[in-house]
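Student: My questions will all concern the structure given below.
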Amino acid sequence: MKILSAGQIREIDAKTIHYEGISSLELMKHAAGAFYDWFTKKYTDKNDAILILSGVGNNGGDGLMVARLLHKAGYRVQACVVEYSENYTEDCAHNVRRVKAENIPFKRITKEKEIPNFSEYDILIDALFGTGLSREITGIAAEVIKKMNESGKTIVSIDVPGGLFPDKKTTFAVEADETVTFQIPKLALYLPDNYRFVGNVTIVNIGLSEKAIAEASTNRYLIEKKDIRELLKPLSKFAHKGTQGHALIIGGSLGKTGTVCLASKAALKTGCGLVSAYLPKCGTPVIQTHFPEAMAIEDDNSAFITHIDYDISPNAIGIGIGMGKREETQHAFYRFLQKNALPMVIDADGLNILSLHPEWLDLLPPKTILTPHPKELSRLIGEWSDDYEKIEKATAFAQKYRLIVIIKGAYSLIIDSDNLYVNDSGTPALATAGSGDVLTGIIASLLAQGYEPGHAARVGVYLHGLTANLTQQTIHPRSFVASDIIDNIGNAYFTIENGMIKK
Ligand SMILES: NC(=O)C1=CN([C@@H]2O[C@H](COP(=O)(O)OP(=O)(O)OC[C@H]3O[C@@H](n4cnc5c(N)ncnc54)[C@H](OP(=O)(O)O)[C@@H]3O)[C@@H](O)[C@H]2O)[C@H](O)CC1
Ligand SMILES: [K+]
6 MKILSAGQIR EIDAKTIHYE GISSLELMKH AAGAFYDWFT KKYTDKNDAI
56 LILSGVGNNG GDGLMVARLL HKAGYRVQAC VVEYSENYTE DCAHNVRRVK
106 AENIPFKRIT KEKEIPNFSE YDILIDALFG TGLSREITGI AAEVIKKMNE
156 SGKTIVSIDV PGGLFPDKKT TFAVEADETV TFQIPKLALY LPDNYRFVGN
206 VTIVNIGLSE KAIAEASTNR YLIEKKDIRE LLKPLSKFAH KGTQGHALII
256 GGSLGKTGTV CLASKAALKT GCGLVSAYLP KCGTPVIQTH FPEAMAIEDD
306 NSAFITHIDY DISPNAIGIG IGMGKREETQ HAFYRFLQKN ALPMVIDADG
356 LNILSLHPEW LDLLPPKTIL TPHPKELSRL IGEWSDDYEK IEKATAFAQK
406 YRLIVIIKGA YSLIIDSDNL YVNDSGTPAL ATAGSGDVLT GIIASLLAQG
456 YEPGHAARVG VYLHGLTANL TQQTIHPRSF VASDIIDNIG NAYFTIENGM
506 IKK
């Protein structure tokens with residue numbers, strides 16, 4: 006699904022009105038209706054006192070239309086317009102008149118003392134500003150937002166939290182629990198700096214013209230289940246272990262051989278035919294006991310890797326996890342990079358070693374996948390002042406070395422040449438020890454199965470996230486461990502292929 010800028014969304018808005026021959030008020034009706042449907046499914050108690058805080062633009066118009074729908078359905082509603090400007094849009098002014106005509110409690114707020122006492126309400130709906138935000142918020146709107154954020158009440162934002170710039174850094178905005186955004190994802194909703202403003206994001210369809218959306222060009226996408234379904238390779242009736250690819254997982258050191266076990270098991274569960282694990286001697290009994298399907302190749306050293314030599318012919322490599330950064334291991338890694346031309350995913354200490362020797366990055370085959378978490382990324386590309394700069398720097402880095410970079414996070418970002426993909430499968434439960442090792446194994450497996458690296462990155466990240474969505478139905482997020490991810494890889498495939506279990 007395309008991620009678009011505020012300007013592009015405005016254009017699609019206008020084109021929809023033109024192409025579909027509908028009025029802007031009708032489009033607003035669709036938007037308000039879609040919000041209303043979502044809201045009434047989630048908040049079913051009609052005794053909840055709901056305060057709707059609208060602005061004077063079309064986002065405010067949406068809010069007032071939502072007030073009318075909720076009032077009609079029997080909810081306890083108080084509508085307000087925070088009059089930060091006298092320039093009401095036509096559709097907002099229309100809805101003010103309708104709210105008054107329908108005898109819905111209504112109030113204008115122009116100064117601080119007119120701000121209602123938020124403690125009298127259960128839910129605050131924010132319709133202050135949407136994608137039309139053009140400057141920092143000051144005056145009465147800022148006062149209202151400050152009080153909303155201090156209220157401790159549930160806040161639900163319409164389209165975007167009021168004050169959130171869709172395309173650039175935000176420092177002050179409504180801190181919503183839920184954001185219900187209209188049809189087109191905005192990048193700002195998925196950036197870690199903005200999580201405190203956005204809360205959970207839900208996308209609802211409002212009937213924008215598909216033709217208009219198709220005409221908008223972008224290189225930013227939100228990954229959808231159907232995209233992943235299209236990327237999945239069909240399982241051949243004649244598949245056997247020799248045709249499904251051979252992944253080699255290289256890593257581990259004394260006390261950290263479990264990383265390789267997790268990655269190897271994840272690789273096999275993701276569908277490659279064979280998995281070998283290269284680890285120091287201490288790892289062999291561990292992997293053979295816990296995971297007999299894997300073949301172990303031992304380093305000469307008992308506690309850490311000192312050379313990476315093997316006489317097998319894998320199709321892809323996953324390297325770096327639990328490996329440590331000892332001098333001998335660094336040299337072994339260097340010699341390995343000098344001769345390796347296979348598709349590869351590098352994580353953890355592999356990344357840390359590369360940040361100590363940036364000149365080695367030139368040795369990586371094009372489209373090698375790096376999977377840093379933010380700290381590992383900063384070691385590779387330096388610090389950034391905000392998420393936008395982070396994306397800019399990571400993109401320049403990925404392009405310079407022709408790499409694919411996966412920035413791990415609540416929403417992982419995949420940078421593949423000019424393109425940015427945002428993944429929204431997954432839950433906070435994924436922030437568990439070993440979760441990254443599992444991702445390495447999943448991606449190595451997909452590479453071994455012949456997936457183009459860009460596809461392996463997207464399918465891998467999506468599958469990995471989906472396992473958490475599935476597991477949370479039976480296991481509490483606090484109790485979630487990396488092995489649960491592995492156990493659910495098969496279910497994640499089912500979900501993608503059949504749409505059996507909804508995300
Ligand atoms: N296609 C869709 O998704 C649809 C979206 N809808 C809704 O419309 C809003 C966008 O509405 P818009 O009228 O463009 O703008 P806002 O409501 O976000 O903002 C209102 C006006 O406020 C002014 N402004 C901007 N920043 C500030 C500020 N810091 N302080 C004071 N005033 C500010 C600005 O006007 P200016 O001329 O002063 O710049 C805005 O115009 C979208 O988010 C959806 O909720 C439709 O309902 C359906 C289709
Ligand atoms: K809003």
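Note that this note's numbering has the sequence shown beginning at 6, numbered continuously upward.
In this text, a Cβ means the ideal position worked out from N, Cα and C, and glycines have one as well.
(1) Indicate the three-state DSSP secondary structure (helix, strand or coil) for A301 in the structure shown.
(2) If you measure from each residue's Cβ to the nearest non-hydrogen atom of ligand 2, which ones come out under 7 Å, in chain order?
(3) Check C277 in the structure and name its three-state DSSP category.
(4) Helix, strand or coil for R81 per DSSP?
(5) Within 7 Å: the Cβ of M33 and any heavy atom of ligand 1?
(6) CB A487 to CB A415, shorter than 8 Å?
(7) What did DSSP end up calling V165 once you bin it into helix, strand or coil?
(8) Are the region 301 to 309 and the region 429 to 443 touching by the rule of at least three beta carbon pairs closer than 8 Å?
(9) According to DSSP, what are the bridge partners of T186?
(10) In chain order, what residues of the same chain have a beta carbon less than 6 Å from the beta carbon of G280, not counting five sequence neighbours either side?
(11) State whether the region 342 to 356 contacts the region 374 to 386, with contact taken as three or more CB pairs (one from each stretch) at a distance under 8 Å.
(12) Please indicate yes or no: does the CB of T275 lie closer than 7 Å to some heavy atom of ligand 4?
(13) Using DSSP with H/G/I as helix, E/B as strand and the rest coil, what is M328?
(14) Give me the Cβ distance between R483 and L236, rounded to the nearest whole Å; I'm assuming they're in contact under 8 Å.
(15) Does the structure place the region 129 to 145 close enough to the region 107 to 121 that three or more beta carbon pairs sit under 8 Å?
(16) Do L227 and M6 have their C-beta atoms closer together than 8 Å?
(17) I'd like to know whether the C-beta of S422 is nearer than 8 Å to at least one C-beta of chain D.
(18) What is the rounded straight-line gap between the Cα of S241 and the Cα of P171?
(19) Count the C-beta pairs between the region 80 to 90 and the region 15 to 25 that are closer than 8 Å, then say yes if the count reaches three, no if not.
(20) What do you get for D42, buried or exposed, if any count of 16 or more other CB atoms within 10 angstroms of its CB means buried?
(21) If you draw a straight line from the alpha carbon of K507 to that of C277, how long is it in whole angstroms?
Tutor: In this structure, then:
(1) strand
(2) N64, D131, A132, L133, F134, G135, S162, I163, D164, V165, P166, G167 and V179
(3) coil
(4) strand
(5) yes
(6) no
(7) coil
(8) no
(9) I208
(10) The amino acid at residue 280 is misidentified as Gly; the sequence shows Val. Answer for V280: A252, S269, A272, L273 and A299, listed in chain order.
(11) yes
(12) Ligand 4 is not part of this structure, which contains only ligand 1 and ligand 2.
(13) coil
(14) About 33 Å separates the two Cβ atoms, so there is no contact after all.
(15) yes
(16) yes
(17) Any reference to chain D falls outside this structure, which holds one protein chain only.
(18) 44 Å
(19) no
(20) exposed
(21) The predicted model places K507 with a pLDDT of 41, which falls under 50 and marks its position as unreliable; any figure quoted below should be read in that light. So the two alpha carbons sit approximately 26 Å from each other.
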